[in-house]
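As structure tokens, the structure follows; a few thoughts come after it.
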Amino acid sequence: MPRTIVLLIVQKIKTEVSNENLLISLRTVVLLVSSALYARILIATV
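Under this note's numbering, the first residue of the sequence shown carries the number 127, and numbering increases by one thereafter.
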């Protein structure tokens with residue numbers, strides 16, 4: 127379940143980082159990583 131892992135990472139980032147700019151950039155990174163994992167899972171299943 128990569129979604130739960132991503133949620134945990136986001137929670138950790140929110141608790142550790144207070145800057146909004148860093149949160150936005152890290153959020154985009156998390157989205158990219160999660161989408162890459164999702165694509166890899168789809169490719170593996172197909």
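Even for Gly, the Cβ is constructed at its ideal location relative to N, Cα and C.
Beta-carbon within less than 6 Å of residue i's beta-carbon, same chain only, minus the 5 sequence neighbours each way: which residues are those?
| i | result |
| --- | --- |
| S160 | V132 |
| L152 | I139 |
What residue range is occupied by the uninterrupted alpha helix (DSSP H) comprising residue i?
| i | result |
| --- | --- |
| V155 | 146-171 |
Is any heavy atom of the ligand ZN found at a distance shorter than 7 Å from the C-beta of residue i?
| i | result |
| --- | --- |
| L134 | For the ligand ZN, the structure offers nothing, since it holds no ligand at all. |
Skipping 5 residues on each side, what residues in its chain have a beta carbon closer than 8 Å to that of residue i?
| i | result |
| --- | --- |
| R129 | S160 |
Quick one: measure Cβ to Cβ for residue i and residue j, integer angstroms, because I've assumed they're closer than 8 Å.
| i | j | result |
| --- | --- | --- |
| I169 | V156 | I169 to V156, Cβ: 20 Å. No contact. |
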